[in-house]
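**Q** Here it is, the structure, as structure tokens.
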Amino acid sequence: MASSSSSSSGPAAAPGILYVTMQPRPSLPLADFHAWYNNEHGPTRLSLPSIFSNGLRYQNTAPAAPAYMAVYDVKHMPLLATPTYTTLRANRSPREAATIAHVDVHRSFYDLLHTRSAPSLQPIESLSDKDVAEGYVTVAVEISLTDEPAAGQEYQKWYVEEHVELLAKVPGWRRSRLFRTSPAETVGEDAGKTAYFCLHDYEPTNGLGGAEHAASMDTPRRTAVFERYVAAKARTTYSLFYIFGPASRDLHSLSQQLPPSAATFTSPSGAIRTDSTSITSRITTSDGALIPYRLEGSSAPDAPVVAFCNSLLTSYAMWDPLVAILKRQRPDVRILRYDTRGRHAVPRPHTSASLDTVTSDLEALRRALRIDQLACLVGVSMGGATTLRYALTYPARVARFVAADFNCTSSAANTQAWRDRIAVARDARDAVVRGPGAADRGRGRWQGRAGQGHGRLQGLAW
Numbered sequence: 001m002a003s004s005s006s007s008s009s010g011p012a013a014a015p016g017i018l019y020v021t022m023q024p025r026p027s028l029p030l031a032d033f034h035a036w037y038n039n040e041h042g043p044t045r046l047s048l049p050s051i052f053s054n055g056l057r058y059q060n061t062a063p064a065a066p067a068y069m070a071v072y073d074v075k076h077m078p079l080l081a082t083p084t085y086t087t088l089r090a091n092r093s094p095r096e097a098a099t100i101a102h103v104d105v106h107r108s109f110y111d112l113l114h115t116r117s118a119p120s121l122q123p124i125e126s127l128s129d130k131d132v133a134e135g136y137v138t139v140a141v142e143i144s145l146t147d148e149p150a151a152g153q154e155y156q157k158w159y160v161e162e163h164v165e166l167l168a169k170v171p172g173w174r175r176s177r178l179f180r181t182s183p184a185e186t187v188g189e190d191a192g193k194t195a196y197f198c199l200h201d202y203e204p205t206n207g208l209g210g211a212e213h214a215a216s217m218d219t220p221r222r223t224a225v226f227e228r229y230v231a232a233k234a235r236t237t238y239s240l241f242y243i244f245g246p247a248s249r250d251l252h253s254l255s256q257q258l259p260p261s262a263a264t265f266t267s268p269s270g271a272i273r274t275d276s277t278s279i280t281s282r283i284t285t286s287d288g289a290l291i292p293y294r295l296e297g298s299s300a301p302d303a304p305v306v307a308f309c310n311s312l313l314t315s316y317a318m319w320d321p322l323v324a325i326l327k328r329q330r331p332d333v334r335i336l337r338y339d340t341r342g343r344h345a346v347p348r349p350h351t352s353a354s355l356d357t358v359t360s361d362l363e364a365l366r367r368a369l370r371i372d373q374l375a376c377l378v379g380v381s382m383g384g385a386t387t388l389r390y391a392l393t394y395p396a397r398v399a400r401f402v403a404a405d406f407n408c409t410s411s412a413a414n415t416q417a418w419r420d421r422i423a424v425a426r427d428a429r430d431a432v433v434r435g436p437g438a439a440d441r442g443r444g445r446w447q448g449r450a451g452q453g454h455g456r457l458q459g460l461a462w
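Numbering-wise, the UniProt record's numbering puts 165 at position 165 of the sequence shown, and it's gapless, one number per residue.
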């Protein structure tokens, strides 16, 4: 198989990994373990894109401990010693602290030394959840060295010059990476120890155990290196089963928790709230805007997703009556709602938001939730315009859409109406806008002159 080779990046960056093995004890239900890790622990770390570029979960392919492994690619290893990361561990939620007490955890920090990958390799985090279900394989190899002064140098030379060249010939091979214990390990469990660590990635259908794989581990040079320089080797094969995003999305694990009340959780900051049927959380866009969202409906991981775009100045609660009907009539679908930027924290310094901006926000939310394609996107008013722009900009990401009550262009009368509203807001400055200068203007547009004052619409807040 053809392959390409690269080394770690330039002096400005020191990439590596945070590698974690976990063995839940029998006292911890697996649904509780996965609900915590998938909806709280992992997304919290992936919400720090300056540190972590991805987060992947694996399961041991053998019925042995540790049963689970997670690996996070780190952009610059010294960042793991900064408060941005260390405060996450120092300020665990009560739920996290209680859960960790029932899990045997081992954390290691490793610096990247060498990478070789197939030319067709795409980042693992770019795989869809459907692809993940096929069972991509990673082989983890831990190497302890002898006390020979040249042990590390000789092992690394053998690995780069011979071993990875032979592994690249194994059918289904995708990538091999060589690491060494990081100085950042001083905050880990193995401070002071130097070890080498390898991760080898393979397609679901591969040649592990075949002739090419056997040949990579049976050469005179390997025998000589291992006899003199390697004190111990541990090898574990894992299967990929979950890819984190910066947004909580695992409804399936929540639905499996017993009793159902066990799924009820609110993070100390209030940023994550879950129960047995829903997740309410938020993402932060690249320019700092907060986008709250609510995910509910079918707990099936492959359930089709219907998303809703709000009208201007409304919250996603506007869809409550329709969502109630949809959940009764179509329990097979998953429902996504979110608040458009502007209702919550906005970027600083403030920047103007356009239709392109709010469309990009929806795409950021889709990516954060790792939704491959929206089965249907529904929008009204400004949400309708957002829906149409999204479908035109990202046609592969939406199967169908409903866009209602919006204009592709603004009439002179509509433009003037908005200018009048802006004038009212500017005149009021920081004061609360009340009375005929605000609410009555909007009510008149919707009800018409004849409808004003009629009982059915009186008291309705617009």
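Just so it is clear, CB atoms sit at the ideal spot from N, CA and C, and this is done for glycine as well.
Note that the structure is a prediction, hence the values are computed from the model and not measured.
#1: Whole beta strand (DSSP E) runs in the segment 51 to 91 with 3 or more residues, listed along the chain?
#2: What do you reckon, are the CB atoms on A168 and T181 nearer than 8 Å?
#3: Express the C-alpha separation of W36 and P63 in angstroms, rounding to a whole number.
#4: Measuring only the C-alpha atoms, how far is A450 from T84?
#5: Against chain D, does M22 count as a neighbour if the rule is that its beta carbon must be under 8 Å from one of theirs?
#6: Contact check, K130 vs D302 under 8 Å by CB: the rounded distance?
#7: Determine which residues share a DSSP beta bridge with E296 and list them.
#8: Would you list the one or two residues that DSSP bridges to E148?
#9: Any idea if A307 is buried or exposed, counting beta-carbon neighbours within 10 angstroms, 16 or more meaning buried?
#10: Ends of the alpha helix (DSSP H) at T44?
#11: Which value, in whole angstroms, describes the spacing of the CA atoms of W418 and S281?
#12: Would you say the segment 378 to 393 touches the segment 402 to 411, given that touching needs at least three Cβ pairs under 8 Å?
#13: Can you check which of these residues, T99, S360 and H163, is closest to T340 by C-alpha distance?
#14: With respect to the alpha helix (DSSP H) encompassing F401, which residues constitute its N-terminal and C-terminal limits?
#15: The alpha helix (DSSP H) spanning T99 covers which residue range?
#16: How about the segment 242 to 258 and the segment 20 to 40: do they share at least three Cβ pairs that are nearer than 8 Å?
#17: Apart from the five residues on each side of it in sequence, which residues of its chain come closer than 8 Å, Cβ to Cβ, to L166?
#18: Going by C-alpha distance, which of L240, G172, A14 and R421 is nearest N60?
#19: Note down the Cα distance separating T146 from R235, rounded to an integer number of angstroms.
**A** Working from what's here:
#1: 52 to 60 and 68 to 74
#2: no
#3: 23 Å
#4: Confidence at A450 is low in this model, with a pLDDT of 47, below 50, so the placement of that residue should be treated as unreliable; the coordinate-derived value is given next. Their backbone Cα atoms lie some 59 Å apart in a straight line.
#5: The structure shown contains no chain D; it holds only a single protein chain.
#6: 7 Å
#7: S278 and I335
#8: For E148, which the question treats as bridged, DSSP gives no partner whatsoever.
#9: buried
#10: G42 to L46
#11: 32 Å
#12: yes
#13: S360
#14: Here F401 belongs to no alpha helix (DSSP H); instead the beta strand (DSSP E) covers F401 to A404.
#15: P94 to I100
#16: yes
#17: E212, A215, S216 and T219
#18: L240
#19: 18 Å
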